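Undergrad: Going by this note's numbering, the first residue of the sequence shown is number 446, and it counts up by one from there. The structure that follows is given in the form of structure tokens.
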Amino acid sequence: ALVENDQQQWAALMIVCLLSAKQLVAEAYQAGETELSVEQLQRIHQVYDAIVAFGLEENPLPDEHPPPVKRGRRKKTKARNLAERFDKHQDAILRFVHDFKVPFDNNLAERDIRMMKVQQKISGSFRSWEGAEQFCSLRTYISTIRKQGLNVWEALGSLFDDNVLMPQLTPV
């Protein structure tokens, strides 16, 4: 929205920076590497920092002397808030370039939550707390089986047999 509506050049540059970093990680992963080179990491951080600085420069804080009628914090633009968040949360945003196990986006987590919201939208709610817990348990099982690349139908069928297919649990 900042790129299209507010013509914020720095936001467009940040999109290119993050997508380029994602591409570098994908290429390194495809080549069997477990991490990016030190030079690549330094370059990504250097470009990221420059874009954040550009965003903060393009969106300065409002004047120091607000009208005496209003109290509290000075209002900042959405672009300024976003630039500050990019600055504050740089480690979390760029974690995927340091650890290939961290996904670039959180689409899987959103997909897991979406099913619960669809159920609420269709039915309005669950009839009982126990029904909600059973729904969540089943959806969690299906999601875990799917993420581990196993066949969901076989796993669900095994629930009715004596050999339940249990997903591998990894310690955190």
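We put the beta carbon where it would ideally sit given N, CA and C, even for glycine. This one's a predicted model, so the numbers in the text were calculated from it and none came from an experiment.
In the structure shown, what three-state DSSP assignment does glycine 477 receive?
TA: Taking the first residue of the sequence shown as position 1, residue 477 is located at position 32. Three-state result, glycine 477: coil.
Undergrad: Taking C-beta to C-beta, are asparagine 531 and isoleucine 496 nearer than 9 Å?
TA: Within the sequence shown, the letter at position 86 stands for residue 531. Within the sequence shown, the letter at position 51 stands for residue 496. The displayed chain sequence assigns phenylalanine, not asparagine, to residue 531. Against a cut-off of 9 Å, the Cβ pair of isoleucine 496 and phenylalanine 531 comes out as a contact.
Undergrad: Only counting the same chain, and skipping five residues up and downstream in sequence, which positions put a Cβ closer than 6 Å to that of phenylalanine 549?
TA: Counting from 1 along the sequence shown, the entry for residue 549 is found at position 104. Residues of the same chain with a CB within less than 6 Å of the CB of phenylalanine 549, apart from the 5 flanking positions on each side, are Lys467 and Phe541 in chain order.
Undergrad: How big is the Cα-Cα spacing for glutamate 502 and arginine 591?
TA: The count along the sequence shown starts at 1 and reaches residue 502 at position 57. The count along the sequence shown starts at 1 and reaches residue 591 at position 146. Looking at the two C-alpha atoms, the distance is approximately 45 Å.
Undergrad: Among Phe545, Ala554 and Lys566, which has the Cα closest to the Cα of glycine 477?
TA: As a first step, residue 477 must be located in the sequence shown, where it is residue number 32. With distances taken between Cα atoms, glycine 477 lies closest to Phe545.
Undergrad: Which value, in whole angstroms, describes the spacing of the CA atoms of isoleucine 460 and isoleucine 538?
TA: As a working note, residue 460 is residue 15 in the sequence shown. As a working note, residue 538 is residue 93 in the sequence shown. Their backbone Cα atoms lie some 12 Å apart in a straight line.
Undergrad: By how many angstroms is the C-alpha of serine 573 removed from the C-alpha of threonine 522?
TA: Along the sequence shown, one-based indexing puts residue 522 at 77. Along the sequence shown, one-based indexing puts residue 573 at 128. If you take the alpha carbons of threonine 522 and serine 573, they lie about 44 Å apart.
Undergrad: Helix, strand or coil, according to DSSP, for phenylalanine 531 in the structure here?
TA: Here residue 531 is taken as the residue at index 86 of the sequence shown, counted from 1. Residue state, collapsed to three classes: helix.
Undergrad: Just how far apart, CA to CA, sit proline 505 and aspartate 536?
TA: Your numbering for residue 505 matches position 60 in the sequence shown. Your numbering for residue 536 matches position 91 in the sequence shown. Each residue's Cα considered, the two are about 23 Å apart.
Undergrad: Take the Cβ of leucine 553 as the centre, count every other Cβ of all protein chains shown within 10 Å, and call the residue buried at 16 or more, exposed below.
TA: Numbered from its first residue, the sequence shown carries residue 553 at position 108. The residue in question, leucine 553, is exposed, as its Cβ has fewer than 16 Cβ neighbours within 10 Å.
Undergrad: For glutamate 607 and arginine 556, I'd like the C-alpha separation in whole angstroms.
TA: Here the question's residue 607 lines up with position 162 in the sequence shown. Here the question's residue 556 lines up with position 111 in the sequence shown. Correcting the residue type first, residue 607 is aspartate in the shown sequence and not glutamate. Rounded to whole angstroms, aspartate 607 and arginine 556 show a C-alpha spacing of 30 Å.
Undergrad: Which of helix, strand or coil does DSSP assign to serine 588?
TA: To locate residue 588, count along the sequence shown from 1; it is residue 143. Three-state result, serine 588: helix.
Undergrad: Rank Gly500, Gln564, Lys566 and Glu480 by C-alpha distance to the C-alpha of leucine 527 and give the top, closest one.
TA: The count along the sequence shown starts at 1 and reaches residue 527 at position 82. The residue with the shortest Cα to Cα distance from leucine 527 is Gly500.
Undergrad: Grouping DSSP H, G and I as helix and E and B as strand, with all else coil, what is leucine 614?
TA: Position 169 of the sequence shown, counted from the first residue, corresponds to residue 614. In this structure, leucine 614 counts as coil in the three-state DSSP scheme.
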